[in-house]
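A quick write-up on the structure given underneath.
There are 2 protein chains.
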Amino acid sequence: MSELVAGAFPDVTAAAARRLMAAAVESFADNGYHATTTRDISTAAGMSPAALYVHFPSKAAVLSAISLSGHERALAIVEAAAAGPGTPADRMRVLVAEMASWHATHHRIARIVQYEITALPKADYTTVADLRRRTERVVRALIEEGVTTGVFACDVRSAARATLSLCVDIARWYTAASTPGPAELGKRYATLVLAMLGAGSR
Amino acid sequence: MSELVAGAFPDVTAAAARRLMAAAVESFADNGYHATTTRDISTAAGMSPAALYVHFPSKAAVLSAISLSGHERALAIVEAAAAGPGTPADRMRVLVAEMASWHATHHRIARIVQYEITALPKADYTTVADLRRRTERVVRALIEEGVTTGVFACDVRSAARATLSLCVDIARWYTAASTPGPAELGKRYATLVLAMLGAGSR
DNA sequence: GTCTATAAAGAGATAGAC
DNA sequence: GTCTATCTCTTTATAGAC
């Protein structure tokens, strides 16, 4: 089982908490939050059912920790790409490549991030909704810039939604056995998106 | 509550079964399959908890009925569009417009179709997996035809995945309050996809 | 075919020893 | 901080009257 996932929460200092989160990621992603029991999580982490409650106040708190961490990572990716060097087309290519690649590499985490928001406690849902709005705003602003400067030709709102949809939906169908791998998939999707934005037509 | 949803299962003859399915759609889509109780469903349908079991052998059978019906509809849409008149570009425009529009109009059903497959009984999961394969194959064949005849220029596999992703992901974010409406969204997405396939560049 | 009542199992969370 | 044992509530599904 994945050191990849176990290492996916470097911000969580306690080793036991990280192990629990890694176990939760597997089960939440494969079976869904509600279909996962606290026993599933603690057992997979090699602990007794009660041990979970030493590190998290509730099952929902485990979900929140995973979801918040993932949403922050996704926002950081698009912000870094949008603030990078080059033309809007250059930056867009990086943004899609990295975002798509992250969703493929961390498809289990991404699945929880994208599809389990209704199970979040209200306060965390609010935080997550804000992170999502900011993510979408960054993408829209970059496309807007490209349209304004004449390098893109498309409907900004729809194109921004479509761009994020392409990346996000990877979490739904991608598995460890999928081809091409994350990096190559990212490249191909970046090319598709640039064409979609009308970047090739001038 | 939606006559739209209640009328979404014309193949189900028994009125009580249709009412139960419509109620289940609302709750499955809003809260998820596992977070929905059989009481939620029967109560919303105006019945006692036991009444559900007169019409369905289990809670999972209600899910299967919804999921199978939705998957069959989605396949029918792409098949009809792909078999229609006109160039590959013409047919692709219709395919995306109708597929996107359906996912927007029936976003609750689509959400269940796309995100609750792990909760299906094994036999139904197999059926659904086959319907999905056939759907993807139709889209890929149409893009392939376009590339072969020189009207599209793109990587066929990635483009087919991306095209379906755009349509499918609508189920995740679309609400009754979303703008533009289903028909207009379908048109805009069709334009985006044709650009993505390289149809405008010649 | 619909109801009330309930059986049977499962699941989140806690108590208290070590 | 981890364990065993258990409490309490919820949930799927069934029994049997009308």
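Chains as they are written, first to last, in this note's numbering: chain Z, 1 to 202; chain E, 1 to 202. Note that CB positions come from ideal geometry on N, CA and C, so glycine has one too.
Own chain residues within Cβ distance below 7 Å of residue i, not counting five before or after
| i | result |
| --- | --- |
| E136(Z) | A160 and L164 |
| G200(Z) | L194 |
| G198(E) | F152, A153 and C154 |
| E72(Z) | L131 |
| F9(E) | R18, M21 and S69 |
| E79(E) | V138 |
| Q114(E) | V168 and A171 |
| E144(E) | V156 |
| P57(Z) | none |
With 16 other Cβ atoms within 10 Å as the buried cut-off, status of residue i
| i | result |
| --- | --- |
| W193(E) | What sits at residue 193(E) in the sequence shown is Val, not Trp. Result: buried. |
| R39(Z) | exposed |
| T191(Z) | buried |
| R91(Z) | buried |
| Y53(E) | exposed |
| K122(E) | exposed |
| G32(E) | buried |
| R133(Z) | exposed |
| V94(Z) | buried |
| P49(E) | exposed |
| T105(E) | buried |
| T149(E) | exposed |
| G7(E) | exposed |
| P88(E) | buried |
| G146(E) | buried |
| T175(Z) | exposed |
| T37(Z) | exposed |
| G86(Z) | exposed |
| M1(E) | Reliability fails at M1(E), whose pLDDT of 44 lies under 50, so the model's placement of it is uncertain and the value that follows must be treated cautiously. It counts as exposed. |
Residues near residue i in its chain [Cβ-Cβ closer than 6 Å; skip 5 each side]
| i | result |
| --- | --- |
| H103(Z) | A110, C167, I170 and A171 |
| G186(Z) | A97, A100 and S101 |
| T43(Z) | none |
| V212(E) | No answer is possible for residue 212(E): it lies beyond the span of chain E, which begins at 1 and ends at 202. |
| R202(Z) | For R202(Z), the pLDDT reaches just 48, beneath the cut-off of 50, and the residue's location in the model is therefore unreliable, although a value from the coordinates is still provided. Contacts found: none. |
| E116(Z) | Y33 |
| A45(Z) | R19, L20 and A23 |
Minimum C-alpha distance to residue i - residue among the options
| i | options | result |
| --- | --- | --- |
| D183(Z) | A97(Z), T126(Z) and A153(Z) | It is Ala, not Asp, that sits at residue 183(Z) in the sequence shown. Nearest C-alpha to A183(Z): A97(Z). |
| P180(Z) | A162(E), S158(E), T179(E) and G200(E) | S158(E) |
| G84(E) | M196(E), A14(E) and L142(E) | L142(E) |
| S69(E) | L131(E), A35(E) and P121(E) | L131(E) |
| A61(Z) | F152(Z), P88(Z), Y125(Z) and V147(Z) | Y125(Z) |
| A119(Z) | A45(Z), I77(Z) and A65(Z) | A65(Z) |
| A177(Z) | I77(Z), H107(Z), V138(Z) and V78(Z) | H107(Z) |
| A76(Z) | E144(Z), V139(Z) and R188(Z) | V139(Z) |
| W173(E) | A129(Z), R188(Z) and Y189(Z) | A129(Z) |
| S67(E) | V156(E), T127(E), E144(E) and R188(E) | T127(E) |
| L112(Z) | Y189(Z), A80(Z) and A74(Z) | Reading the sequence as shown, one finds Ile at residue 112(Z) and not Leu. When only C-alpha atoms are compared, the closest one is A74(Z). |
| V156(E) | Y189(Z), E144(Z) and V156(Z) | Y189(Z) |
Other residues of its chain near residue i: CB distance less than 8 Å, five sequence neighbours each side excluded
| i | result |
| --- | --- |
| H55(Z) | A14, A16, A17 and L20 |
| I41(Z) | L20, A23, A24, S27, L52, K59 and V62 |
| M196(E) | C154, A159, A162 and T163 |
| D30(Z) | R108 |
| A82(Z) | R91, L95, V138, V139, A141 and L142 |
Query - Segments assigned alpha helix (DSSP H), at least 4 residues, entirely inside the stretch 17-68 of chain Z - result: The alpha helix (DSSP H) runs of length 4 or more contained entirely in the stretch 17-68 of chain Z are, from start to end of the chain, 38-44 and 52-55.
Query raised in the report: In chain order, which continuous runs of the alpha helix (DSSP H) of length 4 or greater are located wholly inside the stretch 82-158 of chain E?
Result: If you keep only unbroken alpha helix (DSSP H) runs of at least 4 residues inside the stretch 82-158 of chain E, you get 88-105, 107-115 and 122-148.
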